[in-house]
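Enquirer: Mapping the sequence shown onto UniProt numbering, position 28 (from 1) lands on 28, and the numbers just tick up by one. Ideal Cβ placement from N, Cα and C applies to all residues, glycine included. Please read these numbers as outputs of a predicted model, since none were measured by experiment.
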Amino acid sequence: MEADKDDELDIPRQWGDQEEQFKLVELLKNDTDFIRIEKRMRETVSNVKIDKIERVQNLRLWNHYALRRRILQQELSNKPNLQIEMELFHGTRAAPPKEIYNGEYGFDMTFCTSGLWGLGTYFAMNASYSCQSYSYQLPNGKRQVFLAQVLTGEVFDYKGKNDQTLRRPPKKNESISETRYNSVAGETGGSKVYIVYENRVAYPTFLITYSQ
1 MEADKDDELD IPRQWGDQEE QFKLVELLKN DTDFIRIEKR MRETVSNVKI
51 DKIERVQNLR LWNHYALRRR ILQQELSNKP NLQIEMELFH GTRAAPPKEI
101 YNGEYGFDMT FCTSGLWGLG TYFAMNASYS CQSYSYQLPN GKRQVFLAQV
151 LTGEVFDYKG KNDQTLRRPP KKNESISETR YNSVAGETGG SKVYIVYENR
201 VAYPTFLITY SQ
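#1: Below 8 Å on the Cβ atoms is my contact criterion, and I expect residue 117 with residue 16 to pass it. Report the Cβ-Cβ distance as a whole number of Å.
#2: For residue 199 and residue 148, I'd like the C-alpha separation in whole angstroms.
#3: What is the DSSP secondary structure of residue 22, reduced to helix, strand or coil?
#4: May I ask you to list the residues that DSSP assigns as paired with residue 153?
#5: For residue 88, which residues from the same chain have a beta carbon less than 7 Å from its beta carbon, with the 5 sequence-adjacent residues on both sides left out?
#6: I'd like to check one pair, residue 64 with residue 146: are the Cβ atoms closer than 8 Å?
#7: May I ask you to list the residues that DSSP assigns as paired with residue 53?
#8: Among 47, 69 and 99, which one has its Cα closest to the Cα of residue 10?
#9: Hey, out of 112, 38, 19 and 55, whose CA is closest to residue 168's CA?
#10: Between which two residues does the beta strand (DSSP E) holding residue 123 run?
#11: Residue 94: buried (16+ other C-beta within 10 angstroms of its C-beta) or exposed?
#12: Whose C-alpha, out of 128, 114, 78 and 29, is nearest the C-alpha of residue 42?
#13: Using the beta-carbon count (16 or more within 10 Å), is residue 182 buried or exposed?
#14: I'd like to check one pair, residue 137 with residue 209: are the Cβ atoms closer than 8 Å?
#15: Taking the Cβ atom as the reference point for each residue, do residue 56 and residue 82 lie within a distance shorter than 8 Å?
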């Protein structure tokens with residue numbers, strides 16, 4: 001399957017030709033993505049030592065995500081300047097990352113526990129948030145977190161408040177329609193966090209293995 005950079009539904013061009021349904025590809029340390037991710041990690045985790053960064057190439061998960069992204073673009077076509085997709089950190093804590101990158105739904109709501117903004121999947125702008133409390137620890141003591149692509153779409157920002165009863169984002173304007181925001185945002189643990197409440201709106205792009 002050859003990637004076509006002109007069609008966002010096709011696999012990313014970095015994947016090249018891929019016959020397998022799934023594989024992990026380790027980035028070279030001089031790869032632009034490795035350098036970029038390492039720099040971003042060190043912005044909030046100054047003593048981080050990255051062992052490796054692997055690109056997750058899962059055709060099934062990508063196809064579901066890319067289709068959902070196209071649908072969201074169509075739904076929000078009246079807001080062409082809106083950034084609908086963000087690159088955010090996520091730690092799986094007790095769940096092995098393999099259950100995410102090679103699972104049926106990727107970031108599966110089955111793994112969710114209730115937090116400050118209800119029952120959803122939480123992603124962080126700062127690496128420190130995911131690394132300090134939510135990283136997955138390997139038997140050798142090293143830790144892992146994801147850097148994911150997340151369809152945040154139209155965000156409802158709680159700005160200092162929280163609501164632990166949430167099961168989906170609030171409605172935009174109840175008097176006009178039943179349309180809801182696509183995600184929720186808040187501040188906690190020294191980071192901006194974004195929460196989504198459905199499957200297949202986030203893709204586990206990179207798996208980062210590190211130590212501190």
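Expert: The structure says:
#1: Wrong, their Cβ atoms sit about 39 Å apart, outside the cutoff.
#2: Near 14 Å, if we compare the C-alpha coordinates of residue 148 and residue 199.
#3: Assigned with DSSP and collapsed to three states, residue 22 falls in strand.
#4: Partner(s): none; residue 153 has no beta bridge.
#5: In the same chain as residue 88, and ignoring 5 residues on each side of it, the C-beta atoms closer than 7 Å to its own belong to 123, 124, 125, 148, 150 and 194, in chain order.
#6: The answer is no: Cβ separation not under 8 Å.
#7: According to DSSP, which records beta bridges pairwise, residue 53 is partnered with 208.
#8: Looking from the CA of residue 10, the closest CA among 47, 69 and 99 belongs to 69.
#9: Of 112, 38, 19 and 55, the residue nearest in Cα terms is 112.
#10: Start and end: 121 to 124.
#11: The Cβ neighbour count for residue 94, taken over all protein chains shown within 10 Å, is under 16; the residue is labelled exposed.
#12: Ranked by Cα distance from residue 42, the first of 128, 114, 78 and 29 is 128.
#13: Residue 182 is buried by the Cβ-count criterion.
#14: The Cβ atoms of residue 209 and residue 137 lie no closer than 8 Å to each other.
#15: No. Outside cutoff.
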